[in-house]
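Numbering (this note's numbering), first residue to last: 1 to 818.
Let me begin by presenting the structure, written as structure tokens, before commenting on it.
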Amino acid sequence: MSLLKFAFRKLLHQPLYTALAIGTLGIGIGSVVTCFSAVNTMMFRPLPAASHGDAIVTLSQFKKSADGEGKGYRMGMNALDGFAVAARSESLDGVWLHTDLTVILAGDAGPMRFLGTRLSPLAFAEMGVQPQLGRKFTAADALPDAEPVALISDDAWTKRFERDPLALDSVIKINGIDTRIIGVMPVRWRYPEFSDVWLPLGLVDSASLPREMLRRGAFYFAAHGRLRTGVTVEAAQAELDRIADELAREHPDTNTGIGISVMSWRQDIQRDSIYFILMLFIAGTCIFLISCANIANLQLARGSDRGPEIAVRIALGASRWQVFRQLAVENLVLGLLGAAMGAVVGLWGIDLVVTSLNIEPPFWLQLDPDWRVLSFTVVCGFLASFIFGLAPALRDSRPDLSAGLKESSRTGLDQGPFGQRLRNAIVIMELALALVLLVGAGLMTRSFLKLRAIEPGYDSSQVLTFRAGFPQGYSETPEEEADFFSTLPRQLEKLDGITHAAAITQLPGSHNGAAEAILLEENAGLYVPRITLPRVAYRGVSRGYFDTLRIPVIAGRDFEAADRDSNQRVAIVDTAFAEDVGMSPEALLGQRIDATENWKGTDMGDTAIIVGVVGAIRHVHSDDGRRPTLYFSILQSPVNFMSVAVRTTGDPSALAATIGNEVLGVHSGMPIYTVLTLDQVILRTIWQQYFFSRLLLFAGIIAVGLACVGIYGVMTFAVSMRQHEIGLRMALGAPASEVVGDVVRKGLHLVVLGLGAGFIAATLLANLLSGTLYGITPHDPPTFAIVPTLLAAVALLSCYLSSRRATRINPMAAMRME
């Protein structure tokens with residue numbers, strides 16, 4: 001206890017040093033704690049509120065590769081195949097399907113839109129999730145004659161019912177249907193990602209879902225399951241391979257070449273993000289080490305000031321172990337105070353991460369600290385005190401007594417080669433780590449800029465987008481839906497500041513969407529398994545869509561209002577489609593195509609005539625995003641939910657409120673949602689590159705700042721130790737430029753060594769980024785040329801600023817020091 005009291009007293013007697021050390025440690029520990037919070041939620045933290053979370057697995061179907069062995073692209077789960085897996089699997093305790101939908105809750109304050117999920121009724125029971133109020137779904141809730149029921153999230157309970165307990169068991173209109181609220185789910189529970197309302201998924205013949213979602217060959221559902229106790233993922237996969245083969249034999253037309261995969265839920269959520277998060281954790285670790293290096297240099301400088309004190313203690317009988325123990329306790333106190341500051345900085349950093357993300361994270365991505373994060377923070381405090389304190393404590397506990405006992409001497413602990421080499425080595429390490437981090441940030445930033453500069457095939461500038469639609473059962477006829485989405489764009493075009501407007505089922509830049517099989521008429525008479533047919537992106541649009549996004553019409557025409565009254569279905573394809581089938585745009589005009597199940601059973605027949613060919617676009621912002629596309633007219637094939645794109649003459653966001661009011665004027669029960677500019681929509685598809693490039697750049701700037709502070713401190717300390725020499729030289733007539741040049745040359749030596757070591761390390765480690773880079777190589781010449789040059793310039797500026805102190809030394813005062 002006396003050691004702790006003495007340690008606190010020493011730190012309080014040096015408030016400037018203590019504040020600087022705690023602040024520096026807070027930045028380093030806070031950075032790595034922020035990054036660990038993301039690692040924790042992705043790798044260690046259980047699924048919130050689910051007692052069986054570790055046993056949950058993700059199921060999906062996939063197209064097998066040409067040899068039938070490997071996996072091609074991943075799809076969703078077919079409803080009928082999902083029911084077959086649930087019935088036949090002995091490795092899974094339960095299998096549940098789910099699909100997202102938009103729900104509109106009626107209310108006195110007007111309709112409120114929420115994202116909902118229709119899911120198998122026993123899903124929450126299989127996951128082990130209990131509502132905070134009411135009950136879960138039962139199998140009876142999904143029967144055709146059952147009363148409509150719903151579960152709501154804590155957020156929906158707050159927004160729609162103001163947390164009124166009477167909301168439980170109340171009946172409200174959900175999507176125009178009287179529905180009883182039977183429960184409120186736990187706080188933050190929004191399974192599968194962002195849902196606020198859950199409805200039971202009925203049997204296969206249920207009218208609660210569109211017919212096309214329940215046919216074979218349609219992979220619209222997501223699926224999860226729960227492993228039986230003692231069953232491994234590998235054993236479950238072997239069983240699913242057998243079930244997939246059985247389904248292929250039973251249904252060759254739709255299941256030939258289709259496999260079923262299983263992976264743990266945690267592995268599924270890690271797939272796209274874990275690599276970036278580990279990179280960010282490495283960046284945080286670099287900042288942590290640089291912070292510790294700065295404190296180590298502070299400790300070395302402080303040891304020089306404490307030389308006489310320590311020498312006197314040893315001369316009076318204190319053992320070197322007692323001195324070392326006291327110094328170690330001081331370092332430990334400093335490390336734990338730095339950890340406390342790091343916890344505060346870490347909380348601020350987590351808020352910064354969420355804000356920088358600029359999109360709502362899924363419910364399972366909970367970055368707030370738990371016991372793992374707090375434990376990690378404490379461990380960082382202990383580790384920091386060891387890293388920055390061990391070498392200085394060992395050196396300080398072995399002083400040169402003869403020099404240390406001299407009055408006013410600062411040389412007893414410093415002038416030896418060990419202290420100087422140690423300080424120089426620390427600065428070299430700081431610069432090397434900063435360069436590695438900054439090169440990584442430069443590569444990610446260059447990659448993002450290359451990705452952002454891809455030519456998408458359309459003009460995304462000055463375009464505002466939003467979603468609107470009719471939930472299932474909300475409209476009386478498909479014609480009502482077609483009327484709304486064909487009339488709304490014309491109404492919006494009458495507003496000031498809007499030049500064009502149109503509707504589309506899925507915005508470009510959002511995702512590839514459903515890939516539907518197509519067949520040219522010349523092959524229609526041949527038997528071909530549906531899964532082997534050419535596949536295209538399938539989009540419904542309103543008249544004027546191509547003008548709105550400035551997609552050129554290469555041949556033929558756009559859709560027309562007269563198409564609605566025609567008894568012949570029409571379609572428009574793009575140039576990527578023409579290349580895929582080996583025909584010119586002009587030759588495609590008048591050709592008939594079959595989109596298989598999507599057009600069956602309609603009054604317009606099973607085929608469509610191609611009336612136009614437009615330019616190809618990228619549905620996702622990447623090299624492989626230019627998928628062949630088939631456009632159909634929503635006048636002939638109505639769609640209940642669509643996005644609307646509006647081209648403006650000014651700032652698109654400024655018109656959001658006006659557009660929302662106009663939509664309510666067209667249909668009073670139609671709130672708009674997901675109001676974004678088209679540029680923001682595109683940015684969401686590359687959010688990982690954008691987010692991590694920004695964070696790495698921010699981390700790199702912090703690292704450079706800390707490294708430059710380190711070199712400034714070392715050079716300033718070196719100048720202070722040479723005051724007598726510099727004063728004598730200046731008294732003998734040495735010009736200030738010569739003194740400055742001498743100090744800068746010594747600093748330049750450290751900068752060259754640090755950047756050289758960092759350049760070698762960055763060259764070796766850059767290959768780790770190869771899987772995340774777009775349009776550049778891991779050893780991108782501009783990055784490896786510009787980043788070291790900038791870091792060298794900033795480091796040399798630090799050397800120069802510290803050298804200016806030498807020119808302010810009073811020669812007479814310096815010579816009187818000894």
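Here a beta-carbon is modelled for each residue, glycine too, at the ideal position from N, C-alpha and C.
Alpha-carbon spacing of residue 236 relative to residue 771, whole angstroms: Position 236 of the sequence shown, counting from 1, holds the residue named residue 236. Position 771 of the sequence shown, counting from 1, holds the residue named residue 771. Going by the C-alpha atoms only, they are around 30 angstroms apart.
Residue 194 in three-state terms, based on DSSP: Taking the first residue of the sequence shown as position 1, residue 194 is located at position 194. The answer is coil: DSSP assigns residue 194 none of H, G, I, E or B.
Same chain only: Cβ atoms within 6 angstroms of residue 576, ignoring 5 sequence neighbours per side: Position 576 of the sequence shown, counted from the start, is the residue given in the question as residue 576. 616, 626 and 628.
Coil, strand or helix - residue 75 by DSSP: Here the question's residue 75 lines up with position 75 in the sequence shown. Of the three classes helix, strand and coil, the one that applies to residue 75 here is coil, per DSSP.
Neighbour-count burial assignment, residue 749, 16 or more Cβ in a 10 Å radius: Counting from 1 along the sequence shown, the entry for residue 749 is found at position 749. The residue in question, residue 749, is exposed, as its Cβ has fewer than 16 Cβ neighbours within 10 Å.
Uninterrupted beta strand (DSSP E) stretches inside the region 135 to 187 (no shorter than 3 residues): Qualifying beta strand (DSSP E) stretches, in chain order: 149 to 152, 171 to 174 and 177 to 184.
For residue 540, the nearest candidate out of 640, 495 and 446 (CA to CA): For this step, residue 540 is matched to residue 540 along the sequence shown. Residue 640 is the option with its Cα nearest to residue 540.
CA-to-CA distance, residue 324 to residue 391, given in whole angstroms: Within the sequence shown, the letter at position 391 stands for residue 391. Within the sequence shown, the letter at position 324 stands for residue 324. When rounded, the distance between both Cα atoms is 11 angstroms.
Same chain, Cβ closer than 6 angstroms to residue 670, neighbours up to 5 away in sequence not counted: Taking the sequence shown and counting its residues from 1, one reaches residue 670 at position 670. If you ignore the 5 residues before and after residue 670, its C-beta comes within less than 6 angstroms of the C-beta of 468 and 663, all in its own chain and listed in chain order.
Same chain, Cβ closer than 6 angstroms to residue 470, neighbours up to 5 away in sequence not counted: For this step, residue 470 is matched to residue 470 along the sequence shown. The residues are 481 and 640.
Alpha-carbon spacing of residue 241 relative to residue 536, whole angstroms: Within the sequence shown, numbered from 1, the residue matching residue 241 stands at position 241. Within the sequence shown, numbered from 1, the residue matching residue 536 stands at position 536. If I take the Cα positions, the gap works out to 27 angstroms.
Unbroken alpha helix (DSSP H) run spanning residue 96, endpoints: Residue numbering aside, residue 96 sits at position 96 when the sequence shown is read from its first letter. Note, residue 96: premise wrong, no alpha helix (DSSP H); beta strand (DSSP E) at 92 to 105.
Simplified DSSP assignment, three categories, for residue 699: The residue you call residue 699 lines up with position 699 of the sequence shown. Helix at residue 699.
The region 14 to 29 contacting the region 348 to 357, beta-carbon criterion three pairs below 8 angstroms: No contact exists between the region 14 to 29 and the region 348 to 357.
Where the alpha helix (DSSP H) through residue 222 begins and ends: One-based indexing of the sequence shown puts residue 222 at position 222. Residue 222 -> not in any alpha helix (DSSP H); beta strand (DSSP E) instead, spanning 222 to 227.
Pick from 631, 795 and 88 that is closest to residue 434, judged by C-alpha positions: The sequence position of residue 434 within the sequence shown is 434, counting from 1. When 631, 795 and 88 are compared, the shortest CA-CA separation from residue 434 is found for 795.
Beta-carbon proximity list for residue 498, same chain, < 6 angstroms, skipping 5 on both sides: Residue numbering aside, residue 498 sits at position 498 when the sequence shown is read from its first letter. The answer, listed in chain order, is 492, 646 and 648.
Residue burial classification, residue 557 (beta-carbon count within 10 angstroms, cutoff 16): In the sequence shown, residue 557 corresponds to position 557, counting from 1. Exposed, because fewer than 16 other Cβ atoms sit within 10 Å of the Cβ of residue 557.
Endpoints, the alpha helix (DSSP H) within which residue 648 is located: To locate residue 648, count along the sequence shown from 1; it is residue 648. Segment 641 to 648 is the beta strand (DSSP E) holding residue 648; no alpha helix (DSSP H) there.
Anticipated Cβ contact below 8 angstroms, residue 58 with residue 224, distance rounded: Numbered from 1 along the sequence shown, position 58 holds the residue referred to as residue 58. Numbered from 1 along the sequence shown, position 224 holds the residue referred to as residue 224. Sure, about 6 angstroms apart at Cβ, within 8 angstroms.
Rounded straight-line distance, which links the Cα of residue 328 to that of residue 729: In the sequence shown, counting from the first residue as 1, residue 729 sits at position 729. In the sequence shown, counting from the first residue as 1, residue 328 sits at position 328. Distance between the alpha carbons of residue 729 and residue 328 is about 40 angstroms.
Three-state secondary structure (DSSP) of residue 5: The sequence position of residue 5 within the sequence shown is 5, counting from 1. DSSP, read as helix, strand or coil, puts residue 5 in helix.
Cβ neighbours of residue 442 in the same chain (closer than 6 angstroms, five flanking residues each side left out): The residue labelled residue 442 in the question sits at position 442 within the sequence shown. The answer, listed in chain order, is 783 and 787.
C-beta atoms of residue 152 and residue 169 nearer than 8 angstroms: Here the question's residue 152 lines up with position 152 in the sequence shown. Here the question's residue 169 lines up with position 169 in the sequence shown. By the CB criterion at 8 angstroms, residue 152 and residue 169 fall outside the cutoff.
C-beta contact flag for residue 518 and residue 630 at 8 angstroms: Stepping through the sequence shown from its first residue, residue 518 is reached at position 518. Stepping through the sequence shown from its first residue, residue 630 is reached at position 630. Yes, the pair counts as a contact, with Cβ atoms nearer than the cut-off.
Delimiting residues of the alpha helix (DSSP H) encompassing residue 33: Here residue 33 refers to the residue found at position 33 when the sequence shown is read from its first residue. Unbroken alpha helix (DSSP H) run through residue 33: 15 to 43.
Reduced DSSP secondary structure (H/G/I, E/B, other) of residue 574: For this step, residue 574 is matched to residue 574 along the sequence shown. Reduced to three states, the DSSP call for residue 574 is strand.
Contact under 8 angstroms by Cβ, residue 430 with residue 293: Against the sequence shown, residue 430 aligns to sequence position 430. Against the sequence shown, residue 293 aligns to sequence position 293. The Cβ atoms of residue 430 and residue 293 sit closer than 8 angstroms to each other.
Assigned secondary structure, residue 467 (DSSP; H/G/I helix, E/B strand, else coil): The residue given as residue 467 occupies position 467 in the sequence shown. Residue state, collapsed to three classes: strand.
Backbone secondary structure at residue 545 - three-state DSSP: Locating residue 545 in the sequence shown gives position 545, where the first residue counts as 1. Correct three-state label for residue 545: helix.
Proximity winner among 364, 746, 758 and 436, relative to residue 42 (alpha-carbon distances): Counted from its first residue, the sequence shown places residue 42 at position 42. Of the listed residues, the one whose Cα sits closest to residue 42 is 364.
CB contact flag (residue 678, residue 439, <8 angstroms): Sequence index remark: in the sequence shown, residue 678 carries index 678 (1-based). Sequence index remark: in the sequence shown, residue 439 carries index 439 (1-based). In terms of Cβ geometry, residue 678 and residue 439 do not form a close pair [threshold 8 angstroms].
Classification of residue 144 by the beta-carbon crowding that lies within 10 angstroms, buried from 16 upward: Within the sequence shown, residue 144 is the residue found at index 144, counting from 1. Around the beta carbon of residue 144, fewer than 16 other beta carbons lie within 10 angstroms, which makes this residue exposed.
Coarse secondary structure for residue 568, derived from DSSP in three states: Here residue 568 refers to the residue found at position 568 when the sequence shown is read from its first residue. Coil, per DSSP.
Supposed contact pair residue 572 and residue 509 - C-beta distance, whole angstroms, cut 8 angstroms: Along the sequence shown, one-based indexing puts residue 509 at 509. Along the sequence shown, one-based indexing puts residue 572 at 572. Actually they are not in contact, since the Cβ atoms of residue 509 and residue 572 sit about 19 angstroms apart, beyond 8 angstroms.
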